[in-house]
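S.K.:
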């Protein structure tokens, strides 16, 4: 499997500095994927297994992702994976153990310049946010995965303005296909049919694009 990261040493140092300065962030996991991806998969943030192994979607989440990709006729070489935050956000539970948590707005804004840069490197690639964290990073907090999943959208996306410390919408539009997280149906068995139906829609979309490219 030939995978690579598009992150430059400058961006890697940038991301590591965010983690080093935040006592509730851990490690650094670079984005990765194939050299000619068919879609850009957008996650939330790495967890414990990802930080330990230094790669996105490892452990149970990785196995579920690989199974899901196989159902689409894809491998990790056919996609590129990045996240809203590239370090593990965690809290400390009552037992003193670290627990994964969703990145807060400050952490999302700190990581925003690199996230925006990465998306700009794939101008024509379909964006596939998985879950609310990445969907809302693209479209704003009003966007809900429960309302938009399984739909092909063409909309402006948010970019971070460092001078105002706020997000603003781009003038151009991106194609977006929101999905529930691949492991969602593992936790909520009653959603399996919905998740499978969305996957079929995405597969058809990918197949149609391949046919157009080859015609």
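Residue numbers (UniProt numbering): 1 to 215. Backbone N, C-alpha and C define an ideal beta-carbon position, used for all residues, glycine too.
1. Among 99, 150, 102, which one has its Cα closest to the Cα of residue 203?
2. For residue 132, does the count of other Cβ atoms within 10 angstroms reach 16, so buried, or fall short, so exposed?
3. State yes or no: is the C-beta of residue 234 within less than 9 Å of the C-beta of residue 31?
4. With DSSP collapsed to three states, give me the class of residue 102.
5. Going by the DSSP bridge assignment, what does residue 4 pair with across the sheet?
6. For residue 58, does the three-state DSSP call read helix, strand or coil?
7. So, at 6 Å on beta carbons, what are the nonlocal neighbours of residue 152 in its own chain, with the 5 sequence-adjacent residues on each side left out?
8. Can we say the segment 73-88 touches the segment 29-49, given the rule of at least three CB pairs closer than 8 Å?
9. Which residue from 93, 6, 70, 50 puts its Cα closest to that of residue 87?
10. Residues in the same chain with beta-carbon distance under 6 Å from residue 175, minus the five sequence neighbours each way, listed in chain order, please.
11. What ranges does the beta strand (DSSP E) occupy inside the segment 96-155, keeping only unbroken runs of at least 3 residues that lie completely in it?
12. Between the Cα of residue 146 and those of 115, 180, 124, spot the shortest distance and give me the residue it belongs to.
13. Entirely within the segment 156-183 and at least 3 residues each: give me those beta strand (DSSP E) ranges in chain order.
14. What whole-angstrom Cβ distance do residue 90 and residue 24 have, given they're in contact under 8 Å?
15. Under 8 Å Cβ to Cβ from residue 69, same chain only, skipping five residues before and after it: list those, please.
16. Measuring alpha carbon to alpha carbon, tell me which of 62, 36, 183 ends up nearest residue 210.
17. Please report how far the alpha carbon of residue 14 lies from the alpha carbon of residue 64, in whole angstroms.
18. Does residue 44 come out as helix, strand or coil in the three-state DSSP assignment?
19. For a test of the three-state rule: what should DSSP assign to residue 91, helix, strand or coil?
20. If you drop the 5 nearest sequence neighbours on each side, which residues of the same chain put their C-beta closer than 6 Å to that of residue 57?
21. Answer yes or no: do residue 168 and residue 159 have a C-beta to C-beta separation smaller than 9 Å?
22. What does the alpha-carbon distance come out to for the pair residue 71 and residue 139?
M.R.: Reading from the atomic positions:
1. Numbered from its first residue, the chain shown carries residue 203 at position 203. Out of 99, 150, 102, 150 has the C-alpha closest to the C-alpha of residue 203.
2. Residue 132 sits at position 132 when you count from the first residue of the chain shown. Buried: at least 16 other Cβ atoms inside 10 Å.
3. Nothing in the structure corresponds to residue 234, since the chain is present only between 1 and 215.
4. Position 102 of the chain shown, counted from the start, is the residue given in the question as residue 102. Residue 102: coil per DSSP, three-state reduction.
5. The residue you call residue 4 lines up with position 4 of the chain shown. Note: residue 4 sits in a beta bridge opposite 33.
6. To locate residue 58, count along the chain shown from 1; it is residue 58. In this structure, residue 58 counts as coil in the three-state DSSP scheme.
7. Within the chain shown, the letter at position 152 stands for residue 152. So the list reads 177, once near-sequence residues are dropped.
8. yes
9. By 1-based counting over the chain shown, the position of residue 87 is 87. Per the Cα distances, 50.
10. Your numbering for residue 175 matches position 175 in the chain shown. Answer for residue 175: 126, 154, listed in chain order.
11. 98-100, 126-129, 153-155
12. Within the chain shown, numbered from 1, the residue matching residue 146 stands at position 146. Selected option, being the one with the closest Cα: 180.
13. 158-161, 166-169, 174-176
14. As a first step, residue 90 is located in the chain shown; it is residue number 90 there, counting from the start. As a first step, residue 24 is located in the chain shown; it is residue number 24 there, counting from the start. Confirmed, about 6 Å.
15. Reading the chain shown from its first residue, position 69 is the one you call residue 69. So the qualifying residues of the chain are 75, 76, 78, 79.
16. Residue mapping note: residue 210 aligns to position 210 of the chain shown, counting from 1. Comparing Cα-Cα distances from residue 210 to each of 62, 36, 183, the minimum goes to 36.
17. By 1-based counting over the chain shown, the position of residue 14 is 14. By 1-based counting over the chain shown, the position of residue 64 is 64. One C-alpha to the other measures close to 30 Å.
18. By 1-based counting over the chain shown, the position of residue 44 is 44. In this structure, residue 44 counts as coil in the three-state DSSP scheme.
19. Residue mapping note: residue 91 aligns to position 91 of the chain shown, counting from 1. It is a strand residue.
20. For the purposes of this step, residue 57 is taken as the residue at position 57 of the chain shown. Result list for residue 57: 65, in chain order.
21. Residue 168 sits at position 168 when you count from the first residue of the chain shown. Residue 159 sits at position 159 when you count from the first residue of the chain shown. Yes; because the gap between Cβ atoms is below 9 Å, this pair is in contact.
22. Mapped onto the chain shown, residue 71 falls at position 71. Mapped onto the chain shown, residue 139 falls at position 139. Taking the straight line from one Cα to the other gives about 28 Å.
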